[in-house]
Amino acid sequence: MLLGCALLSNEDTETFTWLFSAWLECMHGRSPNAIITDQDRAMKNAIEVVFPTARHRWCLWHLMKKVPEKLGRHSEYESIKALLHDAVYESLSKSDFMEKWEKLIEDFELQDNEWLKGIFHERNRWVPVVDKACSAFYEVASRVINTEHDFLKMMNFIKDIKDEFTSKETSSSIAEDGSDQNQVTKILDPVKTRCKGRPPSNRKSSKADQIVKKLAKKRTKKNSQKSANIHAQKEKDMCASRVQESVQVIDRVGTQKSIQ
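Here my numbering is used: the first residue of the sequence shown is 183, the next is one more, and so on.
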């Protein structure tokens, strides 16, 4: 439902304030409970003036669309994007999001990235798990935006339903076969059972876990190399010191012979 539209020559705070005030008058002074926009600063200022009680949140789709532009030049962009998506879409709590975000910033040394610092400061406006009261608004907004992320979520949901149905059907058929043949279920030794299947080290892990393990190995290798360099430098300094002492001894011996 379209409640209003306007053509603007300027996109500054004064223009947006006039626009929202005109819309509010048409709505007989009834302010919206919530409003979702992009990260425009002038619009944010106007909303605070005209709709002070409304919940103003940023459109998550618009924000995540800027990730390639803001971080695409980084040499580890694909890993950064995967961990960022994991933090935003897969976090189960506020503390979970904070932990994943801090690890992302630390592992890729992004402390000086102004864009990330800016959106983190306003995280209550766009991170769903941080402000659960507005999670319903994000769900509604995501339905009207055709994105690859929404498509993949729907496909995964359909796949899960299919797998669950297949699993129940298989379990039902096994139960029927067992009851017909009066089979007795054999209870296996837990130790033997645990040894079956693929080894834990070969089991499939999520992409985020793979990236974290890769970073851990990289950090360990870097620390080992740093320790080796420090050890080599100490050996070099000790050799230089010994040579210096030898030169001083030779100089003293030569001086004594000249005096005699």
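Just so it is clear, CB atoms sit at the ideal spot from N, CA and C, and this is done for glycine as well.
Would you say the beta carbon of residue i comes nearer than 7 angstroms to a heavy atom of the ligand ZN?
i: Q415; result: Although the ligand ZN was asked about, the structure shown includes no ligands whatsoever.
Would you report the Cα separation of residue i and residue j, rounded to the nearest angstrom?
i: F290; j: E296; result: 14 angstroms
i: S261; j: P250; result: 12 angstroms
i: L266; j: F302; result: 12 angstroms
i: S191; j: F198; result: 11 angstroms
i: T348; j: K335; result: 20 angstroms
i: T195; j: N306; result: 22 angstroms
i: G254; j: K404; result: 24 angstroms
i: H256; j: I393; result: 15 angstroms
i: G211; j: E284; result: 43 angstroms
i: H238; j: K226; result: 8 angstroms
i: M209; j: E304; result: 29 angstroms
i: M246; j: Q415; result: 46 angstroms
i: E346; j: Y271; result: 23 angstroms
i: E417; j: S406; result: 17 angstroms
i: I412; j: L292; result: 26 angstroms
i: K395; j: D222; result: 38 angstroms
i: L201; j: K341; result: 46 angstroms
Give a yes or no on whether the C-beta atoms belonging to residue i and residue j are separated by under 8 angstroms.
i: V312; j: F339; result: no
i: A224; j: E193; result: yes
i: V231; j: L206; result: no
i: W243; j: W308; result: no
i: A188; j: I217; result: no
In three-state DSSP terms, what is residue i?
i: R239; result: strand
i: A188; result: coil
i: K439; result: Caution is warranted here: a pLDDT of 49 is assigned to K439, below 50, making its placement in the model unreliable, and no coordinate value can be reported.
Would you decide whether residue i is buried or exposed? Buried here means 16 or more other CB atoms lie within 10 Å of its CB.
i: I343; result: exposed
i: P310; result: buried
i: L184; result: exposed
i: K282; result: buried
i: R401; result: exposed
i: D220; result: exposed
i: V286; result: Looking at the sequence provided, one finds Leu at residue 286 rather than Val. With 16 or more other Cβ atoms within 10 Å, it is buried.
i: A204; result: exposed
i: I131; result: In the structure as shown, the chain begins at 183 and stops at 442. Residue 131 is therefore absent and cannot be evaluated.
i: L298; result: buried
i: D419; result: exposed
i: S273; result: buried
i: A398; result: exposed
i: D391; result: exposed
i: D268; result: buried
Give, in chain order, every unbroken run of the alpha helix (DSSP H) that is at least 4 residues long and sits entirely within the stretch 227–274.
Those alpha helix (DSSP H) runs which fall completely within the stretch 227–274 and span 4+ residues are 242–247, 249–253, 259–272.
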